[in-house]
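For reference, the structure is listed below as structure tokens.
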Amino acid sequence: MLQLNSIEDFNELRRRLLTDQNGKIPTIVISAGTCGQASGANDLIRITKRELLNNNLTGRVKYRITGCHGFCEMEPSILVQPRGTFYPKVNMEKMIRIVEAVNQGKVLEDLLFVDPDTGKRIEKQNDLPFYRNQVRTILASNENIDPIRIYDYIQNDGYSALAAVLEWNEPEWVIDEVKVSGLRGRGGAGFPTGVKWGLLAEQKNGSGKYLVCNADEGDPGAYMDRSVLEGNPHSIIEGMIIGSFATGATEGVIYIRAEYPLAIKHLIIALRRARELGLLGENILGSGFSFDISLVKGAGAFVCGEETALIRSVEGKMGEPRQRPPFPVQKGIEDKPTAINNVETWANIPIIFRNGAEKYSKIGPEGNSGTKIFSIVGKVKNTGLVEVPMGTKINEIVNNIGGGSVSKTPIKAVQTGGPSGGCIPANMFDLSIDYDSLSKVGSIMGSGGMIVMDENTCMVDVAKYFMNFLKDESCGKCFTCRKGTQRMYEILDDISSGKGTLEQLDLLEELAYVVKDTTMCGLGQTAPNPVLSTLGYFKDEYEAHIKEKRCPAGVCKELITFSINENCTGCLVCLRSCPENAITGSKQELHIINQDKCIKCAACKSVCKFDAVDVI
Amino acid sequence: MINLTINGLKISVEEGTTILEASTFLGFPIPTLCNMEGLSPYGACRLCVVEIEEGTNAKLVTSCTYLAEEGLKVKTASSRVIKARKMILELMLASCPQSKIIQDLASTHEVRQQRFKQEYEDCILCGLCVRMCEEQMMAKAIGFRGRGENRTVGSPFDSKSEVCRLCGGCMYVCPACQLRCTYNEPEKAICGGCANLSPPCIEKEKFDDMMCYMEPCVSCEIEKFNNGG
Numbered sequence: 003m004l005q006l007n008s009i010e011d012f013n014e015l016r017r018r019l020l021t022d023q024n025g026k027i028p029t030i031v032i033s034a035g036t037c038g039q040a041s042g043a044n045d046l047i048r049i050t051k052r053e054l055l056n057n058n059l060t061g062r063v064k065y066r067i068t069g070c071h072g073f074c075e076m077e078p079s080i081l082v083q084p085r086g087t088f089y090p091k092v093n094m095e096k097m098i099r100i101v102e103a104v105n106q107g108k109v110l111e112d113l114l115f116v117d118p119d120t121g122k123r124i125e126k127q128n129d130l131p132f133y134r135n136q137v138r139t140i141l142a143s144n145e146n147i148d149p150i151r152i153y154d155y156i157q158n159d160g161y162s163a164l165a166a167v168l169e170w171n172e173p174e175w176v177i178d179e180v181k182v183s184g185l186r187g188r189g190g191a192g193f194p195t196g197v198k199w200g201l202l203a204e205q206k207n208g209s210g211k212y213l214v215c216n217a218d219e220g221d222p223g224a225y226m227d228r229s230v231l232e233g234n235p236h237s238i239i240e241g242m243i244i245g246s247f248a249t250g251a252t253e254g255v256i257y258i259r260a261e262y263p264l265a266i267k268h269l270i271i272a273l274r275r276a277r278e279l280g281l282l283g284e285n286i287l288g289s290g291f292s293f294d295i296s297l298v299k300g301a302g303a304f305v306c307g308e309e310t311a312l313i314r315s316v317e318g319k320m321g322e323p324r325q326r327p328p329f330p331v332q333k334g335i336e337d338k339p340t341a342i343n344n345v346e347t348w349a350n351i352p353i354i355f356r357n358g359a360e361k362y363s364k365i366g367p368e369g370n371s372g373t374k375i376f377s378i379v380g381k382v383k384n385t386g387l388v389e390v391p392m393g394t395k396i397n398e399i400v401n402n403i404g405g406g407s408v409s410k411t412p413i414k415a416v417q418t419g420g421p422s423g424g425c426i427p428a429n430m431f432d433l434s435i436d437y438d439s440l441s442k443v444g445s446i447m448g449s450g451g452m453i454v455m456d457e458n459t460c461m462v463d464v465a466k467y468f469m470n471f472l473k474d475e476s477c478g479k480c481f482t483c484r485k486g487t488q489r490m491y492e493i494l495d496d497i498s499s500g501k502g503t504l505e506q507l508d509l510l511e512e513l514a515y516v517v518k519d520t521t522m523c524g525l526g527q528t529a530p531n532p533v534l535s536t537l538g539y540f541k542d543e544y545e546a547h548i549k550e551k552r553c554p555a556g557v558c559k560e561l562i563t564f565s566i567n568e569n570c571t572g573c574l575v576c577l578r579s580c581p582e583n584a585i586t587g588s589k590q591e592l593h594i595i596n597q598d599k600c601i602k603c604a605a606c607k608s609v610c611k612f613d614a615v616d617v618i
Numbered sequence: 002m003i004n005l006t007i008n009g010l011k012i013s014v015e016e017g018t019t020i021l022e023a024s025t026f027l028g029f030p031i032p033t034l035c036n037m038e039g040l041s042p043y044g045a046c047r048l049c050v051v052e053i054e055e056g057t058n059a060k061l062v063t064s065c066t067y068l069a070e071e072g073l074k075v076k077t078a079s080s081r082v083i084k085a086r087k088m089i090l091e092l093m094l095a096s097c098p099q100s101k102i103i104q105d106l107a108s109t110h111e112v113r114q115q116r117f118k119q120e121y122e123d124c125i126l127c128g129l130c131v132r133m134c135e136e137q138m139m140a141k142a143i144g145f146r147g148r149g150e151n152r153t154v155g156s157p158f159d160s161k162s163e164v165c166r167l168c169g170g171c172m173y174v175c176p177a178c179q180l181r182c183t184y185n186e187p188e189k190a191i192c193g194g195c196a197n198l199s200p201p202c203i204e205k206e207k208f209d210d211m212m213c214y215m216e217p218c219v220s221c222e223i224e225k226f227n228n229g230g
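So the protein sequences, as listed, match chains A and B.
All residue numbers for the first sequence refer to this note's numbering, where the first residue is 3 and numbers rise by one.
All residue numbers for the second sequence refer to this note's numbering, where the first residue is 2 and numbers rise by one.
Shown next as structure tokens:
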């Protein structure tokens, strides 16, 4: 087995791999992250292998199984390299045709992506409206790398940053470079990474220091970290090795949630391969510097994404936060100095050293450098992972890259930062996305989740949903967080069911500020954000629920009734779809909903083609 | 020694002193339910919040867990602190109305209304019993289970713990149930001081067995005697 004992060995391997690479052979790239596999990528892999073998194409056409490429709406998708042809929503029949076309060097016009605005077919991935406006410094590697093959990563400049850092051999310089780059923690709080590393390097502790990669991504609707973990695990490992060299950390921990089995699998393989090659473990590349990384699986608590709770969880204790100071950098795992960074932060480190810190600091506005991945979900046409420079306008992400509202109803608001974030109304969409401007409007950057909501979304219901999540996921240590989230939920539940009073609304606001003020950790301090931001921007909706007993968006079940209007053609479709048999009527006659039986599931409204179901 | 200012008064304290200790030393009262001398600070009840720093950096921290820092400016009774404390007490009254300690605190802090739906939970999960058991009795018989609204105190798997020595320490420190085992009829309670607390140990369906470690329990014995047993 190949063992790299020096930096020269590594450079030699890299040279060999780069010359070996025959980029001219057409390659079918199958996007098979968890999202791709869920929509059928495994079948495509099987078909591709079979077709290549059956038709003796193995030397002429290659295939690569990779992590997620980001365009989740179009999964399972196929990318043909080096041409860059993009085929959306491929099924098994289409796959057979694609393999044949790739062999013949043809493009299948009828399977290409159709631009919903112009109606034209677009061939190249980079010309798609979704990809065109992105700056994909991290995510672009996903399509070039098979995550379980370390050579793929090395071919794509992988570990070259590590080799350069080891060759330079000056830890202080590494920290200075990270400071120059202006990289801020991607986990949500935005603490400058270089400063954190500097603090860890200053700590004098004979018994060792820890570096932690926080991969406990728990926000509903957020999966940026998962795609990097699954698609490019070596970039995180390389980042951590560079970090340990700079700070003198002796042990690394990747704290990953157990709900990400594919990411765990890829990480285990990546760690093993890096160790085998001599890039991890004792005496890395013969430099005399040693560092190893272990994997710790979380047990499913949202609060363990909080630094101090994560530390306790790694130690095997109950995941609950503790008072800071002392900060983890002073007293962390087993009371040793510990620096914790998010997955995306680590993935940025090799990029900074590959392209130069100066260049990195020029991306995005002053004080918010670099790119950020957002997972855009909800009521937009193009859901998926979007990587843009910091400071990009919300409008650009939602309407240009996201493609605007998926339905006829206009977009009302976007919720950023997961359950701890806030809702930003559509009239503020020219806000640029960075740590500071988001916190000014009562939301947070968070890890990058972005939920788009249209006029059919009730903001009281949204606040109630997040409060329900938080009351379950609060660790329960602080009385105000535990009881506060329960009581806020209780009041929101009252309001959404028409039992709310205006006094309760004042109480809700008063309670929200107290919870924000008096809790210990980030979860509690940001927990009232969904309530406060919706109260701030959508107070009229709350008041409609209380004063008029009406839900303007038609969501809160206790406040709405379904009825059928004159548009009804008597087609019987709604009648058949009703699970409670609440609709009566015969063919070509106006149908009637029996209100006693109606459970307000909205099944009739979703199937009606004539806009004949009213929700009042 | 560390110099800090509490409510405008300068004080020097040893390193490792909490704000709560320093304030108490100066004579500024700070209410707390989850802090007790001899047990490690935990910061669960949040009643002891104080305001530190000034201007936009001003924030509330629990004085029981926050160690004194050089040059720190502390306000123990600013309007922000009082507002937070009153809300916390209101929340406690709404959940645990039967505790005399909470009632007394609410009364001294002029909490005159309770605007939430009334619950009867008793336990505020302050963790005194857990720390008492672990740190003073060296038993670790009880601990926290679950999270969020499902968090409770109890022994593993709700079975009687093998390491429990029935010392009663957990009940002794409990702010919500300290008067529980006086008598089975509240109006004839021995101390006569608290008529609003019924001994939970005789209401087995409402309270877990495991919370009562008194053996023999005075209350149960009297009940047996009254029933001619």
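Note that CB positions come from ideal geometry on N, CA and C, so glycine has one too.
All values derive from a computational prediction rather than experimental measurement.
- By the Cβ-count criterion, ARG81/B is buried, with 16 or more other Cβ atoms from all chains shown falling within 10 Å of its own Cβ.
- Minimum Cα-Cα distance from ILE493/A among the listed residues GLY318/A, LEU509/A, LYS479/A and CYS483/A corresponds to LEU509/A.
- Rounded to the nearest whole angstrom, the C-alpha separation of MET76/A and LYS267/A is 25 Å.
- Under the criterion of beta carbons closer than 8 Å, ASN531/A and GLY424/A qualify as touching, at roughly 5 Å.
- Collapsing the DSSP output to three states places ASP616/A in a strand.
- When Cβ pairs closer than 8 Å are counted between the two stretches, the stretch 522-540 of chain A is seen to touch the stretch 471-485 of chain A, the count reaching three or more.
- In this structure, the alpha-carbon of ASP159/A lies about 28 Å from that of PRO131/A.
- The C-alpha of GLU52/B is placed about 33 Å away from the C-alpha of GLU368/A.
- Using a 10 angstroms sphere on the CB of PHE158/B, the tally of other CB atoms stays under 16, which defines it as exposed.
- Think of a sphere of 7 Å around the beta carbon of ARG489/A: the chain B residues whose beta carbon falls inside it are LEU92 and PHE117, in chain order.
- When C-beta atoms of the stretch 206-216 of chain A are compared with those of the stretch 337-352 of chain A, three or more pairs fall below 8 Å, so the two segments count as touching.
- Around the beta-carbon of SER588/A, fewer than 16 other beta-carbon atoms lie within 10 Å, marking it exposed.
- Straight across, the Cα-Cα distance linking ASP616/A with GLY220/A is about 37 Å.
- The closest CA to that of ARG166/B, considering only THR77/B, GLU135/B, ARG146/B and VAL154/B, is found on GLU135/B.
- If you keep only unbroken alpha helix (DSSP H) runs of at least 4 residues inside the stretch 217-248 of chain A, you get 226-233.
- Taking CB atoms only, ARG484/A has a neighbour in chain B less than 8 Å away.
- When the Cα atoms are used, VAL167/A and SER237/A turn out to be separated by approximately 15 Å.
- Proximity of PHE468/A to chain B, defined by a Cβ-Cβ separation below 8 Å, is not satisfied.
- Residues of chain A with a Cβ closer than 8 Å to the Cβ of MET37/B do not exist; the shortest Cβ-Cβ separation is about 16 Å.
- Judged by DSSP secondary structure, CYS425/A falls within the beta strand (DSSP E) whose first and last residues are 424-427.
- Listed along chain B is no residue with a C-beta nearer than 7 Å to that of GLN597/A; the closest approach is about 29 Å.
- Straight through space, the alpha carbons of GLY302/A and ARG259/A are spaced by roughly 6 Å.
- Comparing alpha-carbon positions, the option among ILE239/A, CYS606/A and PRO28/A lying closest to SER579/A turns out to be CYS606/A.
- One alpha carbon belongs to LYS11/B, the other to ALA23/B, and they sit about 11 Å apart.
- LEU114/A carries a coil assignment under DSSP once its states are collapsed to helix, strand and coil.
- Secondary structure within the stretch 276-358 of chain A: the alpha helix (DSSP H) runs of 4 or more consecutive residues, fully enclosed, are 309-316 and 345-357 (chain order).
- The three-state reading of DSSP puts SER377/A in strand, counting E and B together.
- For CYS480/A, at least one C-beta of chain B is nearer than 8 Å to its own C-beta.
- Close partners of MET88/B in chain A (Cβ separation under 7 Å): GLU512, LEU513 and VAL516.
- The Cβ of LEU126/B sits closer than 8 Å to at least one Cβ of chain A.
- For GLU368/A, DSSP assigns no beta-bridge partner whatsoever.
- In the DSSP annotation of this structure, VAL62/B is not part of any alpha helix (DSSP H); the continuous beta strand (DSSP E) holding it starts and ends at 60-63.
- With a 10 Å radius around the Cβ and a threshold of 16 neighbouring Cβ atoms, MET522/A comes out buried.
- Using beta-carbon distances, LYS473/A counts as an interface residue toward chain B, with a partner under 8 Å.
- When only Cα atoms are considered, SER608/A and ASN569/A end up about 15 Å apart.
- Chain-order list of chain A residues neighbouring LEU61/B: ASP519 and THR520, by C-beta distance under 7 Å.
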